[in-house]
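Accompanying notes for the structure given below.
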Amino acid sequence: MPVASPVYAIIIPAYNEAEELPVTLAAVRLAMAAQDLPGECIVVDNHSSDDTAAMAKAGGADRVVFEPVNQIARARNAGAAATAAEYLVFVDADTRIEAALLTKALHLLGDGRCVGGGAVVRFEGKTTAVGRLALGLWKRISLVTRTAAGSFLFCRREAFQAVGGFDLRLYAAEEVLLSRQLRKWGRGRGQRFTIITDPPVFTSARKLRWYSDLQIIGWILFMVLMPFAIRSPRLCGFWYKRPDQKKKQGR
1 MPVASPVYAI IIPAYNEAEE LPVTLAAVRL AMAAQDLPGE CIVVDNHSSD DTAAMAKAGG
61 ADRVVFEPVN QIARARNAGA AATAAEYLVF VDADTRIEAA LLTKALHLLG DGRCVGGGAV
121 VRFEGKTTAV GRLALGLWKR ISLVTRTAAG SFLFCRREAF QAVGGFDLRL YAAEEVLLSR
181 QLRKWGRGRG QRFTIITDPP VFTSARKLRW YSDLQIIGWI LFMVLMPFAI RSPRLCGFWY
241 KRPDQKKKQG R
């Protein structure tokens, strides 16, 4: 029997994510198995130096795409370009989704009145006071402004293409701009941008382990005071460098 063309695609950008991918892909495959619609899972190897590509294949990715430039916007766009699916679901390599969350996202897209959206974010396991404060603040901003976190963002393919995808000039906050562009595009067509509150999406709190509270607060203040920094890969080092990989970029 012929295999049905995928209606949706889950796109996972990954740079040196061999450690996180098995858990993420296991959650993705379980979520996909609960859907009535055919879908595919695409991992974008963003020029990794570890076993990211091998782990992606072993973990159940339908396809592994290679993107040579270390930039998350490019990686996400490469995944979108590799599929003809009508619905695009972007999930970070350190983020776990539940079947119910994927079901809600696909239902919203399928009813014709939703251009895209995201979900309320929670950290896995224990977190710090600063982590809880930052996450609570982001939740309020996300719900009030209807802005999706990059860890989980879904949209209609036609809208994604119409607004030009993720902006390649940005090295951080590219999901904020895309959310704004999708809201505007959808508003003109009577389609809303929705943030799902239940169930949430669970993402790793690893940056809270990598950096001190003072470093995290300092970075947030720096971004607020110098918003142009999101156009500089060097100034976005908080997102692109790991403490144990000083000479490598990672997320």
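For reference, each letter of the sequence shown is one residue, going 1 to 251 in UniProt numbering. Every residue, glycine too, gets a C-beta built ideally from N, C-alpha and C. Treat the numbers as computed from the prediction; the structure is a model and nothing was measured.
Return the first residue and the last residue of the beta strand (DSSP E) that residue 194 is part of. Reading the sequence shown from its first residue, position 194 is the one you call residue 194. That run of the beta strand (DSSP E) goes 192-203.
With 16 as the cutoff for other CB atoms within 10 Å, does residue 214 come out buried or exposed? The residue given as residue 214 occupies position 214 in the sequence shown. By the neighbour-count rule (16 or more Cβ atoms within 10 Å), residue 214 is not buried but exposed.
Give the secondary structure of residue 69 by DSSP, where H, G and I count as helix, E and B as strand, and everything else as coil. If you number the sequence shown from 1, residue 69 lands on position 69. Correct three-state label for residue 69: coil.
Please report the straight-line C-alpha distance between residue 248 and residue 70, rounded to a whole angstrom. Here residue 248 refers to the residue found at position 248 when the sequence shown is read from its first residue. Here residue 70 refers to the residue found at position 70 when the sequence shown is read from its first residue. Note on residue 248: pLDDT 39, under 50, position unreliable in the model; no value is reported.
Separation of residue 127 from residue 211, as counted between CA atoms: Counting from one through the sequence shown, the residue named residue 211 turns up at place 211. Counting from one through the sequence shown, the residue named residue 127 turns up at place 127. Roughly 12 Å between the two C-alpha positions.
Bridge partners of residue 96, per DSSP? Here residue 96 is taken as the residue at index 96 of the sequence shown, counted from 1. Answer is 202.
Roughly how far, in whole angstroms, is the beta-carbon of residue 173 from the beta-carbon of residue 230, given that I think they are within contact range, below 8 Å? Here residue 173 is taken as the residue at index 173 of the sequence shown, counted from 1. Here residue 230 is taken as the residue at index 230 of the sequence shown, counted from 1. About 5 Å; that satisfies the 8 Å criterion.
If the criterion is Cβ atoms closer than 8 Å, does the pair residue 144 and residue 96 meet it? Taking the first residue of the sequence shown as 1, we reach residue 144 at position 144. Taking the first residue of the sequence shown as 1, we reach residue 96 at position 96. Not in contact: residue 144 and residue 96 (Cβ atoms no closer than 8 Å).
Return helix, strand or coil for residue 14, following the three-state DSSP convention. Along the sequence shown, read from residue 1 onward, the residue named residue 14 stands at position 14. Three-state DSSP puts residue 14 in a strand.
Option in 142, 158 and 207 with minimal Cα separation from residue 197: Along the sequence shown, read from residue 1 onward, the residue named residue 197 stands at position 197. Comparing Cα-Cα distances from residue 197 to each of 142, 158 and 207, the minimum goes to 142.
Taking residue 116 and residue 159 to be in contact with their CB atoms under 8 Å, please state how far apart those CB atoms are, rounded to whole angstroms. To locate residue 116, count along the sequence shown from 1; it is residue 116. To locate residue 159, count along the sequence shown from 1; it is residue 159. Indeed, because the Cβ distance is near 6 Å, the residues count as touching under 8 Å.
Given residue 202, which residues of its chain have a CB within under 6 Å of its CB, disregarding the five upstream and five downstream residues? Stepping through the sequence shown from its first residue, residue 202 is reached at position 202. Taken in chain order, the residues that qualify are 96, 122 and 124.
Start and end of the beta strand (DSSP E) containing residue 153? Locating residue 153 in the sequence shown gives position 153, counting from the first residue. Residues 152-156.
Euclidean distance between Cα positions of residue 176 and residue 166: Sequence index remark: in the sequence shown, residue 176 carries index 176 (1-based). Sequence index remark: in the sequence shown, residue 166 carries index 166 (1-based). Each residue's alpha carbon lies about 10 Å from the other.
Report the three-state DSSP secondary structure of residue 163 (helix, strand or coil). Start at 1 with the first residue of the sequence shown, and residue 163 comes out as number 163. Here residue 163 sits in coil by DSSP.
For residue 8, write down the residues that DSSP places opposite it in a beta bridge. The count along the sequence shown starts at 1 and reaches residue 8 at position 8. Answer is 39 and 87, bridged to residue 8.
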